[in-house]
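In what follows, a structure is listed as structure tokens, so that the remarks can point back to it.
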Amino acid sequence: MRTPTPIVLAAALVFATPALAASQPAAIAEPTQAAAPTETHKIDADGVKLTVREWGEGEPVICLSGGPGFSADQMLSTAAQVAKAHRAILVGQRGTAGSEVPEPFDPSQFSIARAVADLEAVRTGLGLDKITLVGHSW
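Sequential numbering from 0 applies to the sequence shown in numbering that gives the first Met the number 0.
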């Protein structure tokens, strides 16, 4: 397959952008427009309090932000869509979105393994047996 030259690609983007912009659904909430959570919790994960926010009702769906280390706020618009039919749950990773930073600071506390352990602490802290995960950038 031939790779388009930059000029052809740029021209395609210029002509496609207005059509793409016009086709974007207006119903998707921007992070600053998300409704207030119906519940907020502080859940202990090995001595660190994690902020957990919930919207909606039904089967629990945890929306995972990129990581490790990105704020859960990047998933607010996703949570708004999920909450239309499910219980949307956002977990602030360590040091983000209102969650605590481990004291004393230890870089080893920011890893995939630690994030999985934190997720398990949230699952059990909320009394959930089964969860569905929606994530990005893992």
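Note that CB positions come from ideal geometry on N, CA and C, so glycine has one too.
*Just the C-alpha distance for D45 and D117, rounded to the nearest angstrom, thanks.*
8 Å
*Output yes or no for whether 8 Å exceeds the beta carbon distance between R86 and G65.*
no
*Measuring CB to CB, does P101 end up less than 8 Å from V47?*
yes
*On a CA-only basis, which of R52, L132, Q80 and T37 is nearest V115? Give me that one, please.*
L132
*Taking the alpha carbon of Q92 as the point to measure from, which residue in A120, A84, A82 and S76 has its own alpha carbon closest?*
A120
*For E38, name the three-state secondary structure that DSSP assigns.*
strand
*Opposing strand residues paired with I88 [DSSP bridges]*: E53 and I61
_What would DSSP say about V81, mapped onto helix, strand or coil?_
helix
*Can you tell me the Cα-Cα spacing of A96 and W54, whole angstroms?*
16 Å
*Measuring CB to CB, does S98 end up less than 8 Å from L49?*
yes
_Based on DSSP bridge pairs, tell me the residues matched to K48._
D43
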